[in-house]
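Please read the structure below before turning to the comments.
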Amino acid sequence: MAVKCPKCGNANPDNARYCWNDGAILATQAGLHPFRFRSGAVANSLTELGAQVDNHWEEGKYHLYSGDFANWLSGSGRGDLSSIARSLVSQEKNEDIGLEKFLQSFGVDAPPLPKLTVSEASLSFGRVDVNLIASGKYTKQFDLANSGRGYLYGNIASSVSWLQLDTLSFNGNNSTVTATAVRPGKHGTIIIRTNAGIKKVPVTMEPIHPWWKPVLMYGGIGVNLGVIRIIIAMIYLAVYEELDVWAFNKIFSSTSELWFINRIWLISHVIILSIIGAVGSVIWHKTKWGRFAKVFSGAVAGGIVGGIIFFLFLPLDQVFHHISSSSTNGLVKFSWVIIICWGTLGLFIGIAAGVCRWLVRIRRLFFCAIPVGVLCIIFFILWAMGNLTWGNQFANFLISNIKNWF
61 MAVKCPKCGN ANPDNARYCW NDGAILATQA GLHPFRFRSG AVANSLTELG
111 AQVDNHWEEG KYHLYSGDFA NWLSGSGRGD LSSIARSLVS QEKNEDIGLE
161 KFLQSFGVDA PPLPKLTVSE ASLSFGRVDV NLIASGKYTK QFDLANSGRG
211 YLYGNIASSV SWLQLDTLSF NGNNSTVTAT AVRPGKHGTI IIRTNAGIKK
261 VPVTMEPIHP WWKPVLMYGG IGVNLGVIRI IIAMIYLAVY EELDVWAFNK
311 IFSSTSELWF INRIWLISHV IILSIIGAVG SVIWHKTKWG RFAKVFSGAV
361 AGGIVGGIIF FLFLPLDQVF HHISSSSTNG LVKFSWVIII CWGTLGLFIG
411 IAAGVCRWLV RIRRLFFCAI PVGVLCIIFF ILWAMGNLTW GNQFANFLIS
461 NIKNWF
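According to our numbering, the stretch in the sequence shown is residues 61 to 466, in order.
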């Protein structure tokens with residue numbers, strides 16, 4: 061014989077002690093034994109059971125996963141909840157989540173849902189240097205907390221590919237999430253789905269493309285060209301002297317005549333550019349200096365190494381080529397002139413390359429005439445340095461001015 065609920069009128073099995081629809085106590089449950097927790101707390105109904113579980117959470121997990129709740133519900137005529145309890149025990153390995161799901165299955169007698177609180181209503185990365193995004197420098201953190209009762213759990217996702225999260229799921233009443241910008245972007249959303257509801261956190265970024273960093277980067281690598289240039293030139297001079305093509309002493313008879321080495325301009329510069337490209341790339345990507353001053357790391361490393369190598373080999377040149385001290389001093393003085401000349405030329409190349417890279421990023425083709433004009437000037441200077449007459453005049457001009465400066 062079905063037992064009718066006094067509240068909703070739902071027909072329940074004759075052995076039911078609680079209404080299967082609204083959980084109300086039925087008249088037939090007189091003499092029902094209450095559920096007793098290990099701590100001594102007592103629950104006479106589903107409402108009381110939920111309240112006692114919140115007060116004794118660890119005990120609640122024990123009673124659920126040991127089968128005590130399922131047995132009590134089965135004996136109380138709530139076979140539906142008893143089946144749910146047994147199913148959760150077998151399927152949900154996280155006992156906190158399992159207990160929260162069990163309590164929410166009580167229907168109208170279920171306790172209130174947890175309350176999700178996000179520490180940040182929105183995230184803003186502000187102005188972001190696109191050249192530094194790959195370093196993982198731009199991160200934001202926010203906290204997820206449960207300001208209500210029970211146990212909070214859920215998953216979290218980003219709506220855009222440029223925003224990366226350190227976790228895709230969370231459980232617990234206090235969690236910290238780190239969001240990292242991995243690529244340039246402007247707008248995105250972090251979507252948080254929990255057992256307490258869904259919240260969305262808008263994310264914004266203002267990517268900037270600073271033109272001066274690529275200029276200095278290529279300029280710094282270009283300055284290395286001045287250092288390596290003198291080393292390669294000395295190697296060629298030594299080889300030609302051994303082959304009796306030129307007389308080494310004749311080359312040093314006049315400081316300005318040292319520009320004669322530019323006769324081998326084409327061959328030496330193919331080697332120079334190859335070395336600069338390889339060494340500059342390694343220095344740029346591998347040195348720890350990049351944390352503090354990436355744009356200068358290539359120039360500093362090239363200048364130090366090139367200078368050490370050059371001056372270490374000067375005594376060997378005296379031994380092998382019988383150079384006098386005065387000639388050596390002239391070589392040292394003029395080597396700085398060449399380093400300055402080619403370093404300046406490298407800086408011009410750096411400026412042109414940096415401006416080109418900047419123009420590509422901002423996509424304003426109207427300004428392409430600027431780097432094209434700079435490149436034409438650079439090629440003109442290269443041609444002038446490869447010409448003996450123009451080269452001599454340029455060298456004498458630099459030497460006379462350097463003497464005035466010092």
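Yeah, the Cβ is synthetic: ideal placement off N, Cα and C, and Gly gets one too. If you're wondering where the values come from, they're calculated on a predicted model, not measured in any experiment.
Assumed close pair residue i, residue j - CB separation to whole angstroms, cut-off 8 Å
i: L159; j: L124; result: 5 Å
i: E155; j: K121; result: 4 Å
Closest Cα partner of residue i within the set the options
i: Q201; options: C68, L173, L133 and A181; result: A181
i: I157; options: S142, V168 and P174; result: P174
i: S136; options: T227, Y198, P73 and T238; result: P73
i: L223; options: S142, A194 and V113; result: A194
i: F162; options: G210, F185 and K197; result: G210
i: Q164; options: H116, L109 and T249; result: L109
i: S126; options: V237, R146, L141 and R138; result: R146
i: R243; options: D114, L141 and G196; result: G196
i: L183; options: S134, T238 and N255; result: T238
i: G248; options: D226, V220 and T227; result: V220
i: N206; options: N255, S143, N233 and N115; result: N233
i: G214; options: N255, D140 and G245; result: N255
i: D226; options: G245, K246 and I250; result: I250
i: G245; options: W117, S218 and I144; result: S218
i: Q112; options: V261, P171, S142 and L192; result: P171
i: S150; options: A130, N231 and V261; result: A130
Three-state secondary structure (DSSP) of residue i
i: K259; result: strand
i: S218; result: strand
i: F129; result: helix
i: E152; result: coil
i: P73; result: coil
i: Y213; result: strand
i: K121; result: helix
i: A103; result: strand
i: E180; result: coil
i: R146; result: helix
i: N233; result: coil
i: A170; result: coil
i: L192; result: helix
i: D226; result: coil
i: N81; result: coil
i: C65; result: coil
i: G248; result: strand
i: I369; result: Here the model assigns I369 a pLDDT of 48, short of 50, so the residue's position is not dependable, and the following value carries that caveat. Residue state, collapsed to three classes: helix.
i: F162; result: helix
i: G135; result: helix
i: G186; result: strand
Nonlocal neighbours in the same chain, by C-beta distance under 8 Å from residue i, ignoring five residues either side
i: I268; result: R187, V188, D189 and V190
i: G257; result: L173 and L176
i: F185; result: Y198, K200, A241, V263, T264, M265 and E266
Same chain only: Cβ atoms within 6 Å of residue i, ignoring 5 sequence neighbours per side
i: S235; result: L204
i: I252; result: I216 and K259
i: S179; result: F202 and D203
i: N81; result: C68 and N70
i: L148; result: G158, K161 and F162
i: D114; result: R209
i: S229; result: N215
i: W132; result: F95
i: L141; result: L133
Contacts around residue i, its chain only, beta-carbon distance under 7 Å, and the 5 residues preceding and following it disregarded
i: P94; result: V102, A103 and N104
i: E119; result: F97, R98 and S99
i: R323; result: Since pLDDT at R323 reaches only 44, below the 50 mark, its modelled position is unreliable, and the value read off the structure follows with that caveat. Same-chain partners within the cutoff: there are none.
i: S143; result: none
i: I116; result: Ile is not the amino acid found at residue 116; the sequence shown has His there. Closer than 7 Å at the Cβ level, and outside the excluded window around H116, lie F97, S99 and A101.
i: L473; result: Outside the shown range of the chain, which is 61 to 466, sits residue 473, and nothing can be said about it.
i: D128; result: none
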